[in-house]
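K.L.:
Residue 387 in UniProt numbering is what sits at position 387 of the sequence shown, and the numbering runs on without skipping anything.
Virtual Cβ for every residue (Gly too), placed ideally from N, Cα, C.
Have a look at this one before I ask anything.
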Amino acid sequence: MAANTAETSSSTESFTPNFYDGDLICGRWKVEGEIGRGGCGVVYQVSAKVTEQVNGAMTERIIHAAMKCEGVDPKDRYSETLHSEVTVLRRMQRSEHVCRLYLGGRFSASVNVVIMSLVGRSLSFMRRLCKNQRFSTSTAIRVAFQCLEAIQELHFIGYIHRDIKAGNFAIGIYPDDVRRIVLLDFGFARPYLKKGYDGEMRHRYPRSRAPFLGTDRYCSMNCADRKEQGRCDDLWSWMFMLVEFIEGKLPWKNCGGKAAELNREKRRALDTLLDRCPRQLYRIFDHIQTLKYADRPDYNMMFSTLREIWNLKRVSQEDPYDWEEGGRCHEQYLEAELSRPQMKKLEVRPDDEPMQPMLNSDSDYFSDNMLSPKITESFSSLSSASTPSASNDGPAKTESVVTIIGTLESNGESYC
């Protein structure tokens with residue numbers, strides 16, 4: 001029933017669980033079809049009926065969502081990256097730059113699931129639709145602004161992403177939400193703070209040698225050198241991504257050597273990296289170069305610099321993005337959406353293969369917030385916080401199989 005899947009650029013690698021057409025998750029979410037498979041396991045489209053009060057009347061509608069699944073390897077608990085995904089999503093539900101979390105937890109003894117809102121195409125896909133595979137400066141700067149907002153909000157809750165790239169950002173669902181940028185895939189996310197014996201939050205002591213996590217084309221030089229990653233390393237990846245938005249490629253794109261050779265190529269290219277970019281970006285670039293592991297980035301300066309660029313370019317926030325009507329790749333985007341493959345139809349579950357029973361359906365095991373008008377307040381009844389071990393890079397070990405617990409509860413404090 002399970003099969004191994006692997007993908008080097010993905011943050012998850014595990015046994016792939018299988019569901020069938022019509023399977024019900026927690027008695028509410030109906031499996032409709034398969035969206036895709038990869039290193040993350042398998043992603044299904046699911047739906048559920050929800051009753052809402054609109055203008056004083058109760059109205060029923062259907063919500064469509066994505067269900068991400070991973071198999072549980074009892075011999076390797078650190079392969080369970082959906083734990084990190086749920087923990088981060090829980091804490092970022094106030095942000096407009098993440099998916100809405102509907103449900104997450106241990107579905108059965110061998111399967112973890114997360115159900116979240118659907119998103120559109122990745123920024124990597126959208127860039128490749130454009131002529132010369134690059135965005136207009138107007139779109140590149142405004143998209144980078146939203147991406148930076150998402151990164152800052154992640155840092156605000158005490159986490160770093162460690163795999164920032166265009167493939168881990170997506171636009172919203174066509175056609176009504178295509179101006180919003182969403183940050184995806186928190187399987188590599190890690191808290192950069194830990195609580196001391198005095199109760200104060202402090203930076204985790206950097207390991208002498210950290211594992212390589214990320215995507216080699218976009219990772220920082222520190223990451224490639226196996227040094228501990230901090231907030232600055234997310235920003236290095238963001239800067240490389242922005243250059244690719246503007247230029248269409250990075251200088252080391254075709255470097256087919258080993259990781260050490262690619263890292264040397266990156267260092268050699270730094271002096272000319274921004275030659276064809278708005279010169280104001282040097283201000284951000286120089287700042288990122290000065291940042292050390294525990295340094296707090298100057299987000300305000302970075303945002304103001306991006307605003308300065310779009311003011312000089314006479315860019316309006318109301319201008320169409322390249323994929324919108326009036327944009328340079330609108331027709332290509334419409335064609336891609338209209339020709340988008342339908343989700344894979346699933347087989348009906350065989351009579352001799354009953355669905356695995358849930359471990360528990362209590363609120364302590366699952367977070368189901370789709371009926372809550374204030375999502376961020378609906379987690380108060382869940383399990384108390386648990387702080388991950390500073391010596392490990394995988395999911396935090398807890399006393400139960402609950403995978404919805406939060407970490408680094410901030411009590412309203414900013415860790416940025």
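May I ask which residues mark the beginning and end of the beta strand (DSSP E) holding K49?
P.N.:
Looking at the DSSP string, the run of the beta strand (DSSP E) that includes K49 is G41 to V54.
K.L.:
Three or more C-beta pairs under 8 Å: does that hold for the segment 315-335 against the segment 138-157?
P.N.:
The answer is yes - the segment 138-157 touches the segment 315-335, with three or more Cβ pairs under 8 Å.
K.L.:
Since V98 and F107 should fall inside the 8 Å C-beta cutoff, what is the C-beta to C-beta distance between them, to a whole number of angstroms?
P.N.:
About 22 Å; that fails the 8 Å criterion.
K.L.:
Just verifying my parser: in three-state terms, what is the DSSP assignment at V119?
P.N.:
Residue state, collapsed to three classes: coil.
K.L.:
Closer than 7 Å by C-beta to L250: which residues in its own chain qualify, once you throw out the five before and the five after it? Chain order, please.
P.N.:
Closer than 7 Å at the Cβ level, and outside the excluded window around L250, lie R217, F240, V243 and E244.
K.L.:
Thinking C-beta only, is G22 closer than 8 Å to V348?
P.N.:
Taking 8 Å as the Cβ cut-off, V348 and G22 qualify as a contacting pair.
K.L.:
Just how far apart, CA to CA, sit V42 and E353?
P.N.:
If you take the alpha carbons of V42 and E353, they lie about 19 Å apart.
K.L.:
Work out the CA separation of C69 and T16 for me, nearest whole Å.
P.N.:
Spanning the two alpha carbons is a distance of roughly 8 Å.
K.L.:
What are the residues that DSSP puts in a beta bridge with P191?
P.N.:
Paired residues: Y159.
K.L.:
State the CB to CB distance for the pair E247 and R276, rounded to an integer number of angstroms; the pair is presumed to be in contact (CB under 8 Å).
P.N.:
At roughly 6 Å, the Cβ-Cβ gap stays under 8 Å, so E247 and R276 are in contact.
K.L.:
What are the boundary residues of the beta strand (DSSP E) that includes W323?
P.N.:
From DSSP, W323 is part of no beta strand (DSSP E); its letter is neither H nor E.
K.L.:
By how many angstroms is the C-alpha of G33 removed from the C-alpha of G27?
P.N.:
Rounded to the nearest angstrom, the two C-alpha atoms are 17 Å apart.
K.L.:
Exposed or buried, T290, counting other C-beta atoms within 10 Å across all chains shown (16 or more means buried)?
P.N.:
Exposed, because fewer than 16 other Cβ atoms sit within 10 Å of the Cβ of T290.
K.L.:
Among M126, W310 and Y102, whose alpha-carbon lies nearest the alpha-carbon of G167?
P.N.:
Nearest C-alpha to G167: M126.
K.L.:
Cutting at 7 Å between CB atoms, please list the residues of its own chain near H287, excluding the five before and the five after it.
P.N.:
These residues qualify, in order along the chain: D298 and M301.
K.L.:
Counting along the chain, where does the alpha helix (DSSP H) carrying F169 start and finish?
P.N.:
Careful: F169 lies outside any alpha helix (DSSP H), inside the beta strand (DSSP E) at F169 to I171.
K.L.:
Note down, in chain order, each residue of its chain lying with its Cβ closer than 8 Å to the Cβ of G412, except the 5 sequence neighbours on either side.
P.N.:
Its pLDDT being 38, under 50, G412 is placed unreliably by the model, and the measurement read from it follows with that caveat. Excluding sequence neighbours, G412 sits near nothing in its chain.
K.L.:
On the three-state DSSP scale, how would you describe A210?
P.N.:
If DSSP states are grouped into helix, strand and coil, A210 belongs with coil.
K.L.:
What is the rounded straight-line gap between the Cα of M252 and the Cα of I164?
P.N.:
A small fix is needed here, since residue 252 is Trp in this sequence, not Met. Going by the C-alpha atoms only, they are around 17 Å apart.
K.L.:
In the segment 60-117, which residue ranges form an unbroken beta strand (DSSP E) of at least 3 residues, counting only runs that do not cross its ends?
P.N.:
Counting whole runs of 3 or more residues, the segment 60-117 contains the beta strand (DSSP E) stretches 101-108 and 111-117.
K.L.:
Please list the segments of the alpha helix (DSSP H) lying wholly inside the segment 221-248, counting only runs of 4 or more residues, in order along the chain.
P.N.:
Complete alpha helix (DSSP H) runs here, min 4: 221-224 and 231-247.
K.L.:
Check whether the Cβ atoms of F169 and S122 lie closer than 8 Å to each other.
P.N.:
Yes; because the gap between Cβ atoms is below 8 Å, this pair is in contact.
K.L.:
Pull up the distance between the alpha-carbon of M221 and that of D233, whole angstroms please.
P.N.:
Rounded to the nearest angstrom, the two C-alpha atoms are 8 Å apart.
K.L.:
Just verifying my parser: in three-state terms, what is the DSSP assignment at T272?
P.N.:
If DSSP states are grouped into helix, strand and coil, T272 belongs with the helices.
K.L.:
Starting from L306, follow the alpha helix (DSSP H) in both directions and report where the run begins and ends.
P.N.:
First-last of the alpha helix (DSSP H) with L306: Y299 to L312.
K.L.:
Take residue 423 as the anchor and find which of V86, Y102, R231 and Q280 has the nearest alpha-carbon.
P.N.:
This structure cannot speak to residue 423, because the chain is shown only from 1 to 416.
K.L.:
By how many angstroms is the C-alpha of F135 removed from the C-alpha of C219?
P.N.:
Distance between the alpha carbons of C219 and F135: 21 Å.
K.L.:
Quick one: is R162 buried, meaning 16 or more other Cβ sit within 10 Å of its Cβ, or exposed?
P.N.:
It counts as buried.
K.L.:
Starting from I35, follow the beta strand (DSSP E) in both directions and report where the run begins and ends.
P.N.:
W29 to G38 is the span of the beta strand (DSSP E), which, as asked, contains I35.
K.L.:
Can you tell me whether V111 is buried or exposed? The criterion is at least 16 other CB atoms within 10 Å of its CB, across all chains shown.
P.N.:
Label assigned to V111: buried.
K.L.:
Determine the extent of the alpha helix (DSSP H) in which I164 is found, giving its start and end residues.
P.N.:
Counting along the chain, I164 falls outside any alpha helix (DSSP H), and DSSP gives it neither H nor E.
K.L.:
Can you tell me which residues form a DSSP beta bridge with V182?
P.N.:
Per DSSP, A170.
K.L.:
Between F188, Y44 and R37, which has its C-alpha nearest L24's C-alpha?
P.N.:
Of the candidates F188, Y44 and R37, the one whose C-alpha sits nearest the C-alpha of L24 is Y44.
K.L.:
Which word fits P388, buried or exposed, when buried means at least 16 other C-beta atoms lie within 10 angstroms of its C-beta?
P.N.:
Reliability of the predicted coordinates at P388 is poor, the pLDDT of 33 falling under 50, and no value is obtained from them.
K.L.:
Applying the criterion that 16 or more other CB atoms from any shown protein chain within 10 Å of the CB defines a buried residue, is H155 buried or exposed?
P.N.:
H155 comes out buried.
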